[in-house]
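Structure, as structure tokens:
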Amino acid sequence: MAVKRIYLDWNATAPLMGAVRDAMVEALAMPGNPSSVHAEGRAARALIEKARREVASLVGAEATHVTFTASATEAANQVLSPVYRVGKSRVSLGRLYVSAIEHPAVRAGGRFAAHQITEIPVTRLGVLDLDALSALLAAHDPADGLPLVAVMLVNNET
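Per UniProt numbering, the very first residue in the sequence shown carries number 1; after that it's consecutive.
Below, the structure written as structure tokens:
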């Protein structure tokens with residue numbers, strides 16, 4: 001009797017849907033550099049902007065708030081910054097709190113200095129220790145700037 005294999009590593013990756021495969025093949029067939037001004041470049045740019053609008057619609061955001069990156073490391077380095085601009089205001093973030101099981105790029109802290117990064121412990125089951133996080137945030141000194149907490153919803157290392 002043959003045993004049917006069941007795939008259980010969905011956090012790491014999932015089988016590719018046919019519609020996704022078709023869209024990828026169509027995009028890969030386009031020769032244009034989206035930064036170029038020629039027709040092929042403009043077509044490639046249009047495809048990226050269409051994807052940006054679709055992603056924004058799926059998450060209830062504005063397309064201008066969606067940024068595509070090549071990796072989790074690039075994304076973490078882009079957003080983990082102790083200074084943000086909100087409109088014309090400058091917002092300072094004095095401390096980055098990261099869980100002990102975050103992606104290495106998140107644990108590295110992006111543009112935060114090492115002394116500005118505090119690790120949030122996890123329980124023996126690998127779950128974020130919410131009591132510890134509450135205590136860390138309660139002890140945070142507002143004079144140091146706002147706290148930034150970076151925790152993942154799902155860990156792909158199963």
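Here a beta-carbon is modelled for each residue, glycine too, at the ideal position from N, C-alpha and C. Keep in mind it's a predicted model, so treat the numbers as computed, not measured.
{"Asked": "Spatial neighbours of E102 within its chain, please: C-beta separation below 8 Å, excluding the five flanking residues on both sides.", "Found": "A150, V151, M152"}
{"Asked": "Find the nearest neighbour of A43 within the set A56, A29, V55, E54, judged by alpha-carbon distance.", "Found": "A29"}
{"Asked": "In the DSSP assignment, find the unbroken alpha helix (DSSP H) run with T13 in it and report its ends.", "Found": "T13 -> no alpha helix (DSSP H), and no H or E assigned at all."}
{"Asked": "Anyone know if the C-beta pair for H38 and R95 falls short of 8 Å?", "Found": "no"}
{"Asked": "What residue does the beta strand (DSSP E) around R85 start on, and which one ends it?", "Found": "83 to 86"}
{"Asked": "Could you give the residue range of the beta strand (DSSP E) that holds G41?", "Found": "Note, G41: premise wrong, no beta strand (DSSP E); alpha helix (DSSP H) at 39 to 59."}
{"Asked": "Can you give the beta carbon distance from residue 170 to I120, rounded, assuming they're within the 8 Å contact cut?", "Found": "Because the chain is modelled from 1 through 158, residue 170 falls outside the range shown and cannot be assessed."}
{"Asked": "Kindly indicate the opening and closing residues of the beta strand (DSSP E) around L146.", "Found": "146 to 150"}
{"Asked": "Look at the alpha carbon of A23 and the alpha carbon of A56, and state the distance between them as a whole number of angstroms.", "Found": "18 Å"}
{"Asked": "For I48, which residues in the same chain have their Cβ closer than 8 Å to its Cβ, ignoring the five residues on either side in sequence?", "Found": "P34, F68"}
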